Amino acid sequence: MENRAQKFSVRSAYKVAVRLKNQPKAEHSAARLHAWTWKEIWSLNVPPKIRTFIWRACSNCLPTRDNLHRRRVRVEPTCELCKQEPETTTHILWTCPFARNVWALIKGKIQKCSNGDSDFFLLFKQMQTKLSKQELETWAVTASALWNARNKVYFEQFQPQPHIIWEGARVLLEEYQSFMEAQRIA
Numbered sequence: 201m202e203n204r205a206q207k208f209s210v211r212s213a214y215k216v217a218v219r220l221k222n223q224p225k226a227e228h229s230a231a232r233l234h235a236w237t238w239k240e241i242w243s244l245n246v247p248p249k250i251r252t253f254i255w256r257a258c259s260n261c262l263p264t265r266d267n268l269h270r271r272r273v274r275v276e277p278t279c280e281l282c283k284q285e286p287e288t289t290t291h292i293l294w295t296c297p298f299a300r301n302v303w304a305l306i307k308g309k310i311q312k313c314s315n316g317d318s319d320f321f322l323l324f325k326q327m328q329t330k331l332s333k334q335e336l337e338t339w340a341v342t343a344s345a346l347w348n349a350r351n352k353v354y355f356e357q358f359q360p361q362p363h364i365i366w367e368g369a370r371v372l373l374e375e376y377q378s379f380m381e382a383q384r385i386a
């Protein structure tokens, strides 16, 4: 390490070490502001890939057509499934008729929740306040299943039926939670 005089000293090395030690850890730009929401995402009893998916969706970093278009990728931002609106995270996972057909299959509060939020993070916060922990976990796994179904449409030209998407999400959640419970007991 060198100081202004361009000389190495133990003192300058110590200052650098202290500065590096006290650096904040990497985190979402709004992590402190919305700590409760981020903590809720990471505490969901769902597979880790689902928690990561929900974090990415809330951070608006999924490669939706709208996000790709804004990053100057030559792609039409309109949703390929409904051809009505730009394919944003909230649209493809919540408001698109494709998604609404899946959400309509779920009994309880989920299908009664408003679909007016345009920001997925705000939608998650709304779900966080309106749904029980189990319902929020069901919601998260279903959102991930919708993303996977969307990818099947784009990359495999195959559109799964809504009841198949919902059933796959339900079974995944059930099996994961049963496995985790068995691990806890053992």
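Residues in the sequence shown are numbered consecutively from 201, following the working numbering. Every residue gets a Cβ at the ideal spot worked out from N, C-alpha and C, and that includes glycine. No experiment lies behind these values; they were computed from the predicted model shown.
Distance CB(residue i)-CB(residue j) smaller than 7 Å
i, j, result
"A299", "L305", "no"
"P148", "C282", "This structure cannot speak to residue 148, because the chain is shown only from 201 to 386."
"K307", "L331", "no"
"C279", "H269", "no"
"W238", "R251", "no"
"E240", "Q377", "no"
"C258", "F208", "no"
Identity of the residues DSSP links to residue i by a beta bridge
i, result
"P247", "In the DSSP output, where bridge partners are listed per residue, P247 has none listed."
Own chain residues within Cβ distance below 8 Å of residue i, not counting five before or after
i, result
"A345", "V302, I365, W366, G368, A369, L372"
"M380", "N245"
"E285", "T278, C279, H291, T295, C296"
"R256", "L262"
"R272", "none"
Proximity test, residue i beta-carbon vs the ligand SAH heavy atom, cut-off 6 Å
i, result
"S378", "Absence of the ligand SAH from the depicted structure is noted, as is the absence of any ligand whatsoever, leaving it without description."
Contact set for residue i: own chain, Cβ-Cβ below 6 Å, skip 5 residues either direction
i, result
"V275", "R265, L268, H269"
"V353", "Q359"
"K325", "T237"
"F253", "S344"
Contact set for residue i: own chain, Cβ-Cβ below 7 Å, skip 5 residues either direction
i, result
"D319", "T290"
"E337", "L244, N245, V246, L373"
"A349", "P360, I365"
Answer yes if the stretch 339-355 comes into contact with the stretch 245-255, meaning at least three C-beta pairs across the two stretches below 8 Å, and no otherwise. Note that the stretch 245-255 touches the stretch 339-355; at least 3 beta-carbon pairs, one per stretch, sit closer than 8 Å.
List in chain order: all unbroken alpha helix (DSSP H) runs of 4+ residues lying wholly within the stretch 263-301. The qualifying runs are 265-270.
Can you check the stretch 322-383 for any alpha helix (DSSP H) of at least 4 residues that lies completely inside it and give the ranges in chain order? Contiguous alpha helix (DSSP H) elements confined to the stretch 322-383 occur at 333-356, taking only those with 4 or more residues.
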